[in-house]
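What follows is a set of notes on a single structure, which appears directly below.
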Amino acid sequence: MPALGINVQLRRISSRTPLRSTPIAILELATGCEPFGLRRGEQTVFVQERYLRTGEGVPLRTMVENFFTRHRRIKKVSVLSVAHDLSKTYGVPTDRAPLPVPPWAPETPPPLPVTSLHIGPMGRKEETCPLAMRALSLETIARFGRENAIAYMDGSSTGGTGNGGYGIYFLWPDGSTTRKCGPVGEWTCSYEFELMAVTECLRIVIGKQREGAALPGVVILTDCRALALGGSGSECVGEAVLLADYLLKTEGVQTMVQGIASHIGVPGNEIADGLANEGRSMPQPRKPLTLSDARSVLQHGTARLWGAAQLSRDERFPRFYEACKARDYLQCLPRSDAVQIFRTRAKHTLLLADRARHGWSATTACRLCGEREETITHVLSECREIAGDRLSGWSARPMNEILWCCDRVAMSTAAKIMRKFLRRAMR
Ligand SMILES: [Zn+2]
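Written as structure tokens, this is what we have:
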């Protein structure tokens, strides 16, 4: 997609009607969309990583491997040389694990899942109330009778990509429990340690079955959507489901992979979480980087590069960057207030000082009092013409605190003052 088209979409989804002059970088930060160039770079390196993990002699792999040794006639920058340079920037480890071979014979289609895949509310986890997620998880778990074995599992890592650990807590039908934890590797990602936990769960089930325990059903609970549902699209099933199905075919144990909304506050999972932390602190095995690990390293790299780019700009950008990662109370405001606050934060308002910066106004003196420059600070805390609209003690608060605070009333008042000022000034 051309970058211009993306910029139009950014204006649309930011839904705060920025002015036409608002920098695209601010829209990217406000919507949490990483810059197009960075995402394209990340994808380029990822494709290269995928090729390098295919089998020996696969033409694409050969092409990437021989790129720098072959004599090239055309002196044009190639995608491969870009990818080569970028993988150094990202610091992707070069110890690569080959792409996994599925446990079923490649020529037969993957088996149909025997699982229930209700996975809770759609949308981002960060935007859903934790209490609602917990209630939904408990309700999901309660649907399974006590005759089933329940496996709670969790994974954890340091900083998202390093020193992983998994933890498993089994509750068997007779009331007994099994606890297991272990390290995942020096480089890891959430997908890898969740997959490792599922694999270990299945191993425990096989052991139990061979000991002669009667297991009518096993339910493995995961909050990793990709593991249960695979990629996007209703036809997809995750690797965990395929593994569980394989177990049913080979060992005769009915295993279900159940997606749950959240782990937080679910008693069995609190234990699994503790075990995962224990596993993380164990000595980590060295293992080659899988493709999903590589993706995780790249994604963290993009976030790091994007974050670092904000520091070199003016003070607005790090603010927007922080706000896009945390809960931003701007989302709770009525639309008209949100528009005003967003424009004020971006310093792209219809005030004369802002317009003069773009050469759209010859004068900057306040249109109401004429005493000072018509800046955001002047309107919010100085201009005596609209003094009656400010709350008591208002002017003592620094402007940044009002615009970026978690006080909705203060933000709403600031929006109203701005609106009122502009209405009177433009009369
Ligand atoms: Zn004034």
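Under my numbering, the first residue of the sequence shown carries the number 1, and numbering increases by one thereafter. Think of the CB as a built atom: it goes at the ideal place given N, C-alpha and C, for glycine as much as any other residue.
Suppose contacts are defined by Cβ-Cβ distances below 8 Å. Is residue i in contact with residue j by that definition?
i	j	result
C189	T158	no
K347	I376	yes
N277	S156	yes
L422	A414	no
L298	V92	yes
V264	P130	Strictly speaking, residue 264 in this sequence is Ile, with Val absent from that position. For I264 and P130, yes; Cβs fall inside 8 Å.
Y166	M196	yes
G279	C181	yes
I141	V266	yes
L86	R53	no
L291	E139	no
T302	R39	yes
L330	F320	no
E147	G164	no
I220	M153	yes
E373	R367	no
T177	L243	no
C324	G32	yes
L352	T344	no
G217	Q254	yes
R390	I417	yes
E194	C224	yes
L275	R179	yes
Go ahead and pull the three-state DSSP assignment for residue i.
i	result
I260	coil
G233	Low confidence applies here, because G233 scores a pLDDT of 44, under 50, leaving its location unreliable and the question unanswered by this model.
G301	helix
W172	coil
V339	helix
M153	strand
T108	Legend: pLDDT at T108 = 45, less than 50; position of this residue unreliable, no value from coordinates given.
W187	strand
C181	strand
E56	coil
N66	coil
P113	For P113, the predicted model reports a pLDDT of 38, less than 50, meaning its position is unreliable and no value from the coordinates is stated.
L333	coil
G164	strand
T158	strand
Q48	helix
L210	Sequence inspection shows Arg at residue 210; the Leu mentioned does not correspond to that position. Helix at R210.
R408	helix
W394	coil
L133	Checking the sequence shown, residue 133 turns out to be Met, not Leu. Helix at M133.
M426	coil
H446	This structure gives no information on residue 446, because the portion of the chain shown stretches from 1 to 427.
E315	coil
C324	helix
T413	helix
G37	helix
Is there at least one non-hydrogen atom of ligand 1 closer than 7 Å to the beta-carbon of residue i?
i	result
R372	yes
L352	no
L368	yes
E270	no
C383	yes
So, does the CB of residue i fall closer than 8 Å to a CB anywhere in chain E?
i	result
A276	This model lacks chain E altogether, as it is built from one protein chain only.
May I ask you to list the residues that DSSP assigns as paired with residue i?
i	result
T364	The partner list for T364 (beta bridge, DSSP) is empty, contrary to what the question assumes.
I220	A151, V257
R96	L289
E373	A365
Any heavy atom of ligand 2 inside 7 Å of the beta-carbon of residue i?
i	result
H378	Ligand 2 is absent from the structure shown, which contains only ligand 1.
Quiz prompt | At least three beta-carbon pairs within less than 8 Å, the stretch 73-86 to the stretch 31-50 | solution = yes
Self-check item: the stretch 202-218 in contact with the stretch 170-183 per 3-pair CB rule at 8 Å
Solution: Proximity of the stretch 202-218 to the stretch 170-183 meets the contact definition, three or more beta-carbon pairs being nearer than 8 Å.
Practice problem: Spell out a yes or no on whether the stretch 333-342 and the stretch 405-414 are touching, meaning 3 or more CB-CB pairs, one atom from each, closer than 8 Å. | Solution: With the cut-off at 8 Å, the stretch 333-342 and the stretch 405-414 touch.
Exercise. Determine, using beta-carbon pairs with one atom in the stretch 28-35 and one in the stretch 54-68, whether at least three such pairs fall under 8 Å.
Key: no
Exercise. Give a yes or no on contact between the stretch 174-188 and the stretch 277-293, applying the rule of three or more CB pairs nearer than 8 Å.
Key: yes
Exercise. Tell me, please, whether the stretch 207-219 touches the stretch 302-316 by the rule of three or more beta-carbon pairs shorter than 8 Å.
Key: no
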